[in-house]
Each structure stands twice: as C-alpha cells, then as structure tokens.
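Chemist: One structure coming up, written as structure tokens, with questions to follow.
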Amino acid sequence: MEQIRIEEIRKEELPQASDVLGKAFATQPSSPAIYRDKSDIARRMQIVFGAMLEHLPGQVFVAKQDGRIVGAMRIVEWPHCQMSPFQGLRMLPTMMKAGGGFSTLQRVLKFRGRWAKYDPKKPHWHLDPIGITPDLQGQGIGSQMTEYYCNHVDGLGMAAYHETDRPENVKFYERFGFKIIGEELIMNFPNWYMWRSPNGGV
C-alpha cells in the first residue's frame, strides 16, 4: 500500500478523526454489549470519541493517505490515563447525547472502571484509542501507527500500555514487544491488558 503520513491532529480534523474511530470501534466485540442498538453504534461512538479527543488530556495523531484521515490514535501519559471525577462529569452530557440513557451510561462506566483497575500505577504512555477506517483495515496502517507510537515512547525512555478486546490483536501487539499482564471477562467478552517495557524490553 502507499506509505501513509502520521502527524499530530489539527483542531479542524477532530470530526473526521472521531468518525474514523466511531466506525472502527463499532465492530469491537464489546460495543454491541454496551450500546445494544447495533444499527446506530458507529454514530454513538463518533459522538463519544469526538468529546474524548477534544476534552481529555493526551496527544492525538492521525494517519493520512492522499490527504484523507484513515487512522487516529490518542496517547496519554500516566497518571492522566483515566478520567478524573471532574472529567467524567464533563463527559456526562456527551454520553447522554450519544443515546441509550442511564443504562448505557452505567455499562460504559462499568467497562471503563474495569479497565482502569488494571492500568499500571507506574510511569508509562497509554494508547487509548487507536482505530483504522474499516475499508482500509488489514493493509498495514495499524502497524505503521503502532510503530510510530512505540518509537515515540522509546524516544522518551518510557513504557507503553494498551487494552484490547479483540483476540487477533493480542498477537499483533506482541509483535511490537507487548506482553499480556492481565486478562478478564467483561460483559462476557475477554479483555487483554498489555504492557511494553521501555524499548520493547531490549
């Protein structure tokens, strides 16, 4: 495939990046369990990711091909990985706008709370989220973005951390030096918690 360009996001690109993430995450195993209405998951997640990228701390990078955003990722340094109570309240109107009422909100908070429990309490850069536009998945864009992320944290001499609920992603991240440090079922779906030592443990 044609080489992509990865760069820090510009503010006017937030809607396009959140659209990519919403469509990418609509097919995650856990998404239907959280949002229930399968026909509208992508739109709901686009709203949530839009607020997440704009209001939560971290750096957001996009992958571009011929000027089109085809991938997006957010990385954030510990201890700012998880939402504070204030940030959670700030996100509340967005969650309600995304639809599903308080029952959906409860499922989201349960899911994120279980992830937060495993977030290592030591210095690292957390990858959350990363997504590729569905029609270009499997063409190496995710590999290029993950390599960019690993090179970024290696340059800082830092460890890396990521969660996934896709079984096929476990082997994918292991290729970059990630190792499983935890695994559990959330809403009947397996989730893996993965850690990469500085410079891949070299």
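Count along the sequence shown starting at 1, add 1, and that's the number in the working numbering.
C-beta atoms are modelled at their ideal positions from N, C-alpha and C, and glycine is treated no differently.
If you're wondering where the values come from, they're calculated on a predicted model, not measured in any experiment.
How is the beta strand (DSSP E) around G23 delimited, first residue to last?
Modeler: Segment 15-26 is the alpha helix (DSSP H) holding G23; no beta strand (DSSP E) there.
Chemist: Quick check on the DSSP output: the alpha helix (DSSP H) that includes M46 runs from which residue to which?
Modeler: 42-56
Chemist: When you compare the CB positions of M159 and K180, do they come within less than 9 Å of one another, or not?
Modeler: no
Chemist: Do P135 and K24 count as a contact pair if the criterion is CB distance below 9 Å?
Modeler: yes
Chemist: Span of the beta strand (DSSP E) holding I142?
Modeler: Careful: I142 lies outside any beta strand (DSSP E), inside the alpha helix (DSSP H) at 142-156.
Chemist: Given that a residue counts as buried once 16 or more other Cβ atoms are within 10 Å of its Cβ, and exposed if not, what is Q47?
Modeler: Burial of Q47 is indicated by the presence of at least 16 other C-beta atoms within 10 angstroms of its C-beta.
Chemist: So, with DSSP's three-state summary, where would you put W79?
Modeler: DSSP places W79 in coil when its eight states are reduced to three.
Chemist: Roughly how many angstroms separate the alpha carbons of N200 and P121, rounded to a whole number?
Modeler: 17 Å
Chemist: Can we say the segment 67-75 touches the segment 141-158, given the rule of at least three CB pairs closer than 8 Å?
Modeler: yes
Chemist: Just to confirm before moving on: does the CB-CB distance between Q66 and R6 stay below 9 Å?
Modeler: yes
Chemist: Less than 9 Å separating the beta-carbons of A18 and V63?
Modeler: Going by C-beta atoms, A18 is nearer than 9 Å to V63.
Chemist: Just to confirm before moving on: does the CB-CB distance between D155 and N192 stay below 9 Å?
Modeler: no
Chemist: Can you tell me whether DSSP reads A160 as helix, strand or coil?
Modeler: coil
Chemist: Hey, could you find the ends of the alpha helix (DSSP H) N170 is sitting in?
Modeler: That run of the alpha helix (DSSP H) goes 168-175.
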